[in-house]
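Everything on this sheet refers to the single structure shown next.
Residue numbers (the working numbering): 210 to 578.
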């Protein structure tokens, strides 16, 4: 890591440094285990255009970082001195190292206090049912972090291991899913990678899907910033970040039947945005689209496919994610419960006002999508 790394403070044996360039931040994450796309420099740039401030910190030494976190903060109510800190799907570190976890949490608390935040929220990318997850939960509780009622990202997810290869992936699907993939091809459905020029059409399809299925859809400019940033990153050489817009089409239709936007970072990929029309649903375009997305991720060297979202409780038949989960499960996806979002409260009075009197503010942050 080059000379733009500045020592800012020290706590015990672990010094904290700031990183001020994209290249050096990417070099830091490359040396740490399983960085998440929401900790990428690109994601910080995107959030900076929507009112957030992004800062980048490492523990250890610039030559040998041991942990890193992208710290986002903002004032949710303009004009009021109330700041919220957030580390989406971070920090990035070896979660099995209890001493390092404790040091990192201590530094996060210190950074949030120095920026006059009333709280800082993290949602570690750690499985709840793993030994590391149980250890992390204990560490958070011991340090007086609170489980958050506002889970900005999905708490749980579904996961597919791509490293097994295409043949094994197909074998792991339900037979009806394999049949539908083949059927889509026989009925003339094709899938292609889109470009910036396709983004307005994809947005129209996404907005129609939101109106039909009842989820929030923001203005086009919000998504365009995100999508264009990752398409640009994909075209840049040696960038661990990237993305693809995939569109399922039919020759007799003048608009896409379905589409999705896929993110990648390093060897990981994430299915974030999906859209579909009511046209030709019996031709199964969504099945071929998802298979094409996994093939694209494999071609980019990815070993995992994160379906981004699963029910909070698999046994809750009323959970709105149950139908989506069944679709993902048919592709062989594995349910992964995660530890969820946790808050470190610095100003209890302001925190109570924010979470009880102004819940719509945090709801507006939900899933940052």
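C-beta: ideal position from N, C-alpha, C; glycine also.
Since we're looking at a predicted model, the values are computed, not measured.
In whole angstroms, what is the alpha-carbon distance linking residue i and residue j?
i, j, result
"residue 527", "residue 333", "27 Å"
"residue 374", "residue 512", "9 Å"
"residue 468", "residue 444", "20 Å"
"residue 539", "residue 342", "27 Å"
"residue 402", "residue 466", "14 Å"
"residue 266", "residue 464", "44 Å"
"residue 294", "residue 330", "6 Å"
"residue 358", "residue 395", "47 Å"
"residue 350", "residue 311", "11 Å"
"residue 262", "residue 418", "31 Å"
"residue 470", "residue 291", "34 Å"
"residue 313", "residue 268", "7 Å"
"residue 380", "residue 260", "46 Å"
"residue 533", "residue 223", "43 Å"
"residue 415", "residue 308", "44 Å"
"residue 391", "residue 303", "41 Å"
"residue 429", "residue 409", "8 Å"
"residue 431", "residue 354", "32 Å"
"residue 328", "residue 560", "7 Å"
"residue 499", "residue 369", "12 Å"
"residue 576", "residue 256", "Low confidence applies here, because residue 576 scores a pLDDT of 44, under 50, leaving its location unreliable; read the following figure in that light. Those two C-alpha atoms are separated by around 12 Å."
"residue 438", "residue 238", "19 Å"
"residue 485", "residue 227", "42 Å"
"residue 335", "residue 246", "14 Å"
"residue 287", "residue 564", "17 Å"
"residue 195", "residue 345", "Summary: the structure shown does not reach residue 195, with the chain confined to residues 210 through 578, and so no result is reported for it."
"residue 317", "residue 225", "10 Å"
"residue 389", "residue 462", "20 Å"
"residue 423", "residue 273", "47 Å"
"residue 348", "residue 315", "11 Å"
"residue 487", "residue 413", "13 Å"
"residue 211", "residue 474", "Bear in mind that a pLDDT of 49 at residue 211, under 50, signals an unreliable position, so the number given afterwards is only what the model happens to contain. Spanning the two alpha carbons is a distance of roughly 22 Å."
"residue 588", "residue 472", "The question about residue 588 has no answer, for the chain in this structure spans 210 to 578."
"residue 514", "residue 504", "10 Å"
"residue 537", "residue 476", "20 Å"
"residue 483", "residue 497", "13 Å"
Please state whether DSSP places residue i in a helix, a strand or coil.
i, result
"residue 470", "strand"
"residue 519", "coil"
"residue 267", "strand"
"residue 278", "strand"
"residue 378", "helix"
"residue 397", "coil"
"residue 240", "coil"
"residue 336", "strand"
"residue 437", "helix"
"residue 459", "strand"
"residue 302", "strand"
"residue 578", "In this predicted model, residue 578 has a pLDDT of only 42, less than 50, meaning its place in the structure is not dependable; the value taken from the coordinates is given anyway. Residue 578: coil per DSSP, three-state reduction."
"residue 211", "With a pLDDT of only 49 at residue 211, under the threshold of 50, the placement of this residue in the model should not be trusted; the figure read from the coordinates follows. Coil, per DSSP."
"residue 564", "helix"
Under the assumption that residue i contacts residue j (Cβ atoms under 8 Å), give the Cβ distance between them as a whole number of angstroms.
i, j, result
"residue 360", "residue 297", "That pair is no contact at about 12 Å."
"residue 494", "residue 420", "Actually they are not in contact, since the Cβ atoms of residue 494 and residue 420 sit about 19 Å apart, beyond 8 Å."
"residue 478", "residue 457", "So it is not a contact: roughly 18 Å between Cβ atoms."
"residue 546", "residue 243", "Between residue 243 and residue 546 the Cβ distance is about 17 Å, and since that is not below 8 Å, they are no contact."
"residue 516", "residue 366", "6 Å"
"residue 531", "residue 520", "6 Å"
"residue 501", "residue 400", "4 Å"
"residue 459", "residue 397", "5 Å"
"residue 301", "residue 248", "6 Å"
Give me the DSSP bridge partner(s) of residue i.
i, result
"residue 545", "366"
"residue 552", "330 and 355"
"residue 262", "282"
"residue 511", "Beta-bridge pairing links residue 511 to no other residue."
"residue 296", "331"
"residue 479", "472 and 515"
"residue 451", "473"
"residue 484", "468"
Is any non-hydrogen atom of the ligand NAD found closer than 8 Å to the C-beta of residue i, if you look at the structure I gave you?
i, result
"residue 396", "Absent from the structure shown: the ligand NAD. Ligands present: none."
**Message:** For the structure I just gave you, are there three or more beta carbon pairs, one from the region 433 to 449 and one from the region 484 to 502, closer than 8 Å?
**Reply:** no
**Prompt:** Between the region 234 to 242 and the region 272 to 285, are three or more C-beta pairs nearer than 8 Å?
**Reply:** yes
**Prompt:** Is the region 310 to 326 touching the region 544 to 561, taking contact as three or more C-beta pairs under 8 Å?
**Reply:** yes
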